[in-house]
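Undergrad:
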Amino acid sequence: MRSLILASLLGATALPVLAQEVNIYSHRQPELLKPLTDAFTAETGIAVNTAYVDKGMTERLQAEGDRSPADLVMTVDVARLGELKDAGVTQAVEDEALAALPANLRDADNQWFGLTTRARIVYAHKERVADGEVTTYEDLADPKWKGRICTRTFTNDYNVALTAAFLAHHGAEATTAWLEGIKANLARKPEGGDRDQVKAIWAGECDISLGNTYYMGQMVNDPEQAEWANSVRIVFPTFENGGTHVNVSGMAMTKAAPNRDAALKLMEFLVSDEAQRIYAETNHEFPVVEGVARSELVQGWGDFTPDDLALTEISKLRPEALTLIEKVNFDG
2 MRSLILASLL GATALPVLAQ EVNIYSHRQP ELLKPLTDAF TAETGIAVNT
52 AYVDKGMTER LQAEGDRSPA DLVMTVDVAR LGELKDAGVT QAVEDEALAA
102 LPANLRDADN QWFGLTTRAR IVYAHKERVA DGEVTTYEDL ADPKWKGRIC
152 TRTFTNDYNV ALTAAFLAHH GAEATTAWLE GIKANLARKP EGGDRDQVKA
202 IWAGECDISL GNTYYMGQMV NDPEQAEWAN SVRIVFPTFE NGGTHVNVSG
252 MAMTKAAPNR DAALKLMEFL VSDEAQRIYA ETNHEFPVVE GVARSELVQG
302 WGDFTPDDLA LTEISKLRPE ALTLIEKVNF DG
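Here's what the structure looks like:
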């Protein structure tokens, strides 16, 4: 009888833990998050459900309101995180583990938190571009690059963020001249993604391109793209009065958050050493937690000094940056 009562009590206490869940709306493909969510579930018994929302995440959360099933949003680019906050679909989270993140990689009001960083770098052909030939973002507007630059559209979030950072460093007039200079140096009309630009370099269509660091990790591990990756090297340009531009992938708790306690546990897990190591090894991104090493592959790309410009400032300047990009008709 005692055994039956004990078993019953254990079952009663275990059921709520096993029944807990966290629901995520993600701009990132679920397979990129699966190693992290699997590790979290193994540690806590809390199930994680991920819905891939490619477009319209803010509008979806606004339409769902308090009825939203989403507890967390996970996305890339500080502009998207800022958009979610400004739309009023997230809530502040006061937590010791999250507050320990670097101040420039989290929202001042604790509405969103960076999980990884990635640098916006230059891919340069190993033979056609000499060492030291490009060292700054300002260099990209130099006429010596005429007909040698490829890029995805500049209205893409990654390039808008870079332009906003340039704007913060140099002001509107200089940023306009910079955009016009790069446009004049293009080898072709902006198109495709970052990896497509590396393919174009490999094919001889251009010599340099802008791209995010982690794409190199994805390409070298893809049999169809490894040859493209091996044709280029990574260059970490800087602003003339700053460092290398970085952006984030990040998370925020939704205003509705029906499973708030479980969601907070997942947020705390994602900034743990274990989760940061998983990020580093599987997604080829830079950890945000001090003391967690980059992957061996990423370490091989070399060291750089990240720009110390607060990401919140970049987010604020995004609308003006987009206006300047459209003013020069960069993608036209």
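Heads up: the sequence shown begins at 2 in my numbering, then just goes up one per residue. Just so it is clear, CB atoms sit at the ideal spot from N, CA and C, and this is done for glycine as well.
1. Can you tell me whether residue 246 is helix, strand or coil according to DSSP?
2. Does the Cβ of residue 86 have 16 or more other Cβ atoms within 10 Å, making it buried, or fewer, making it exposed?
3. Closest by CA to residue 238, which one among 160, 301, 124 and 82?
4. Is residue 150 helix, strand or coil when you go by DSSP?
5. Would you mind giving the Cβ-Cβ distance between residue 112 and residue 88, rounded to the nearest angstrom? I have them listed as a contact below 8 Å.
6. Using C-beta distances below 7 Å, list every residue in its chain close to residue 45, excluding the 5 sequence neighbours before and after it, in chain order.
7. Look at the alpha carbon of residue 8 and the alpha carbon of residue 68, and state the distance between them as a whole number of angstroms.
8. Starting from residue 182, trace the alpha helix (DSSP H) both ways and give me its first and last residue.
9. Which residues bound the alpha helix (DSSP H) around residue 267?
10. Should residue 329 and residue 117 be called a contact, given that it needs their Cβ atoms to be closer than 8 Å?
11. Just to confirm the assignment: which complete beta strand (DSSP E) runs, minimum length 3, are found wholly within the segment 73-112?
12. Do residue 263 and residue 23 have their C-beta atoms within less than 8 Å of each other?
13. Below 8 Å on the Cβ atoms is my contact criterion, and I expect residue 109 with residue 315 to pass it. Report the Cβ-Cβ distance as a whole number of Å.
14. Quick one: complete alpha helix (DSSP H) runs, 4+ long, within the segment 17-75?
15. Hey, could you find the ends of the alpha helix (DSSP H) residue 218 is sitting in?
16. If we ignore side chains and look at the alpha-carbon of each, how far apart do residue 248 and residue 120 end up?
17. Can you tell me which of 73, 226, 142 and 232 puts its alpha carbon nearest to the alpha carbon of residue 127?
18. Contact between the segment 304-318 and the segment 134-154: three or more CB pairs below 8 Å?
19. Quick one: Cα of residue 107 to Cα of residue 313, how far?
20. May I ask you to report which of helix, strand or coil DSSP gives residue 237?
21. Return the chain-ordered list of same chain residues with a C-beta closer than 8 Å to the C-beta of residue 173, the five sequence neighbours on each side being excluded.
22. To the nearest angstrom, how far is it from the Cα of residue 299 to the Cα of residue 204?
23. Can you grab the Cα-Cα spacing for the pair residue 146 / residue 285, in whole Å?
TA: Well, looking at it:
1. coil
2. buried
3. 124
4. strand
5. Between residue 88 and residue 112 the Cβ distance is about 11 Å, and since that is not below 8 Å, they are no contact.
6. 266
7. Any answer about residue 8 is weak, because its pLDDT of 35 lies below 50 and its placement is not dependable; what the coordinates show is given next. Spanning the two alpha carbons is a distance of roughly 37 Å.
8. 173-185
9. 261-271
10. no
11. 73-77
12. Cβ atoms of residue 263 and residue 23: closer than 8 Å.
13. 13 Å between Cβ atoms; not a contact.
14. 31-45 and 58-65
15. 215-221
16. The alpha-carbon separation between residue 248 and residue 120 amounts to approximately 6 Å.
17. 232
18. As far as the Cβ criterion goes, the segment 304-318 does not touch the segment 134-154, which means the pair count is below three.
19. 8 Å
20. coil
21. 321 and 325
22. 25 Å
23. 29 Å
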